[in-house]
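**Student:**
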Amino acid sequence: MSSDASDGADAKTALRVRALESLLLEKGLIETEAIEELVDMFENRLGPWNGAKVVARAWTDPAFKERLLQDGTTVLGEMGFDTIQGEEMVIVENSPEIHNIVVCTLCSCFPWSVLGLPPVWYKSAPYRAEAARDPRGVLREFGTEIPADTEVCVWDSNAELRYMVLPERPAGTAGLDAEALAKLVSRDSMIGVTKVAPP
Amino acid sequence: MNSIHDMGGMHGLGPLDQADNEIVFHAPWEGRVMAMARAMMAGKHFNLDEYRYAMERIDPARYLQLSYYEKWLEGTLTMLMEKGVITQEEFDAHLDKLSDAGS
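Protein sequences, first through last, are from chains A and B.
Numbering of the first sequence is given in the numbering used here, commencing with residue 25 and proceeding in unit increments.
Numbering of the second sequence is given in the numbering used here, commencing with residue 770 and proceeding in unit increments.
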């Protein structure tokens, strides 16, 4: 698709969105301030730094990790990361034996409360189709090679149940505190398409 | 519900594109439509499950061509019209007004 065509389509859609907003405003069904607040929240305040904090804490606090793996919803709630629509959260742990990867084959369900909004590729048809069928192939596309004797586990998210991966702690991090560790943890490692690189 | 949205395992949907994946909203309208959909659900005009179903009902060929937030717009319009919150005429009138004004 040429950029002209997509710009044209984009301009048309932008106009339609403005028309809807103007109509809903006229009917008193929305307020501009509330809309802008929501945009700001999702664009700036929700993000993977939250999940990274959880991972770093799990790496440095075994009792916390055990509780987190047992009851993700409650433990994340205690940290202030409540799910937005009341969905359950399950944390799946990577190890040398098992590598976990998360997808939503039906739409785009994602652990928003800890990772923010999903990246475009997560919501795309190729990822939704391929992650279920050829997870090792998808991992390879992200530069992640999983050894043949490590099991790869694919978790299909849904409206009621979201997953976050607890990635393996990389080598060379023994001296780091939780704050420093959190800085190493990428969003993609918590989706499971990459591992956390050593510092 | 076994429509086009049930994509797990499907072949032929193209290569994975990882471009621009750190940008949350690629255009301001994406954020606006996301916020409006949520506001409408918060206002109980429709619920999340109905909303998802509205998107799953999009014509399969269109479903594959629409971008993610274009699907949200379509779903929102479908829901609001089916629920009688807005009419096609009202929407068209606002669209005409904005088009005439020359965005």
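Note that the Cβ used here is the ideal one computed from N, Cα and C, for glycine as well.
These numbers were taken from a predicted model, which means no experiment stands behind them.
Quick one: which chain B residues come within Cβ less than 7 Å of K147(A)?
**Tutor:** Residues of chain B passing the Cβ test: Y837.
**Student:** For G96(A), is the classification buried or exposed, using 16 other Cβ atoms within 10 angstroms of its Cβ as the cut-off for buried?
**Tutor:** By the 10 Å Cβ count, G96(A) comes out buried.
**Student:** Please report the straight-line C-alpha distance between A124(A) and E55(A), rounded to a whole angstrom.
**Tutor:** Just to set this straight, residue 124(A) is Asn in the shown sequence, not Ala. Answer to the nearest angstrom: the Cα atoms are 42 Å apart.
**Student:** Taking the beta carbon of M770(B) as the centre, do at least 16 other beta carbons fall within 10 Å, making it buried, or is it exposed?
**Tutor:** Looking at its Cβ environment, which holds fewer than 16 other Cβ atoms inside 10 Å, M770(B) is exposed.
**Student:** Where S216(A) and A156(A) are concerned, what is the direct C-alpha to C-alpha distance, given to the nearest angstrom?
**Tutor:** Reading off the sequence shown, one finds Gly at residue 216(A), where the question assumed Ser. If I take the Cα positions, the gap works out to 13 Å.
**Student:** Counting only beta-carbon separations shorter than 9 Å, does K866(B) have a partner in chain A?
**Tutor:** It does; some Cβ of chain A falls within 9 Å.
**Student:** Determine the chain A residues that contact Q857(B) at a beta-carbon separation under 7 Å, and present them in chain order.
**Tutor:** Within 7 Å Cβ-Cβ: nothing; Q857(B) doesn't reach chain A, min ~11 Å.
**Student:** Between the segment 58-74 of chain A and the segment 814-825 of chain B, do three or more beta carbon pairs fall short of 8 Å?
**Tutor:** Too few Cβ pairs lie closer than 8 Å, so no.
**Student:** For K77(A), tell me which candidate among K207(A), P223(A), P222(A) has the shortest Cα-Cα distance.
**Tutor:** Taking only the C-alpha atoms, the option nearest K77(A) is K207(A).
**Student:** If you measure between the beta carbons of L130(A) and G777(B), is that distance less than 9 Å?
**Tutor:** It is a contact, given that the beta carbons lie within the stated cut-off.
**Student:** How is D229(A) classed by DSSP in three states: helix, strand or coil?
**Tutor:** Absent from the model: residue 229(A). The displayed extent of chain A is 25 to 223, so no value can be given.
**Student:** Taking any Cβ of chain A, which residues in the segment 794-810 of chain B have a Cβ under 7 Å from it, in chain order?
**Tutor:** Listed by position, the residues of the segment 794-810 of chain B near chain A (Cβ gap below 7 Å) are F794, A796, W798, G800, R801, V802, M803, A804, M805, R807, A808.
**Student:** For N771(B), name the three-state secondary structure that DSSP assigns.
**Tutor:** Coil, per DSSP.
**Student:** Anything in chain B within Cβ reach of Q109(A), meaning under 7 Å, just list it in chain order.
**Tutor:** The contacting residues are L817.
**Student:** Roughly how many whole angstroms lie between the Cα atoms of H774(B) and D828(B)?
**Tutor:** Using only the alpha carbons, I get a separation of about 10 Å.
**Student:** Could you tell me which chain B residues have their CB closer than 7 Å to the CB of D34(A), listed as they occur along the chain?
**Tutor:** Here the neighbours are A796.
**Student:** Starting from the beta carbon of D828(B), find every residue of chain A whose beta carbon is closer than 8 Å, and list them in chain order.
**Tutor:** Neighbours of D828(B) on chain A: none; closest Cβ ~15 Å, over 8 Å.
**Student:** Using a Cβ-Cβ cut-off of less than 7 Å, give me the residues of the segment 47-63 of chain A that come near chain B, in sequence order.
**Tutor:** So the list reads L47, L48, L53, I54, A58, I59, L62, V63, given in the order they occur along the chain.
**Student:** Would you say V138(A) and N74(A) are within 9 Å of each other, going by their C-beta atoms?
**Tutor:** For V138(A) and N74(A), yes; Cβs fall inside 9 Å.
**Student:** Report the residues of the segment 71-85 of chain A with a CB closer than 8 Å to any CB of chain B, ordered along the chain.
**Tutor:** Within the segment 71-85 of chain A, no residue qualifies.
**Student:** Check for me: the beta strand (DSSP E) holding R186(A) runs from which residue to which?
**Tutor:** Residues 185-190.
**Student:** Where DSSP assigns a beta bridge to H123(A), which residues make up the other side?
**Tutor:** DSSP output for H123(A) lists V176(A) as bridge partner(s).
**Student:** Grab me the residues of T845(B)'s own chain with a C-beta within less than 6 Å of its C-beta, minus the 5 sequence neighbours each way, in chain order.
**Tutor:** Result list for T845(B): A806, in chain order.
**Student:** Kindly indicate which three-state DSSP category M103(A) falls into: helix, strand or coil?
**Tutor:** In this structure, M103(A) counts as coil in the three-state DSSP scheme.
**Student:** Which bits of chain A does R821(B) rub up against, with CB to CB less than 9 Å?
**Tutor:** Those are L130, C131, A183, listed as they occur along chain A.
**Student:** With the cut-off set at 9 Å, would you say P135(A) and S181(A) are in Cβ contact?
**Tutor:** Yes, these two residues count as a Cβ contact at 9 Å.
**Student:** Below 8 Å on C-beta distance, what does R151(A) contact in chain B?
**Tutor:** Per the sequence shown, the amino acid found at residue 151(A) is Tyr instead of Arg. In chain order: L785.
**Student:** For the beta strand (DSSP E) containing I108(A), list its first residue and its last residue.
**Tutor:** It is not in any beta strand (DSSP E) - I108(A) carries neither H nor E in the DSSP assignment.
**Student:** I'd like the list of long-range same chain contacts for F105(A), defined as Cβ closer than 6 Å, with 5 residues on each side in sequence excluded.
**Tutor:** Around F105(A): N74, S137, V138.
**Student:** Please name the residue, chosen from R91(A), T98(A), Q109(A), that lies closest to E117(A) on a Cα-to-Cα basis.
**Tutor:** That would be R91(A), whose Cα lies nearest to the Cα of E117(A).
**Student:** Excluding the five sequence neighbours on either side, which residues of its own chain have a C-beta within less than 7 Å of the C-beta of G196(A), listed in chain order?
**Tutor:** Around G196(A): P222, P223.
**Student:** Between the beta-carbon of V178(A) and the beta-carbon of V126(A), is there less than 9 Å?
**Tutor:** It is a contact, given that the beta carbons lie within the stated cut-off.
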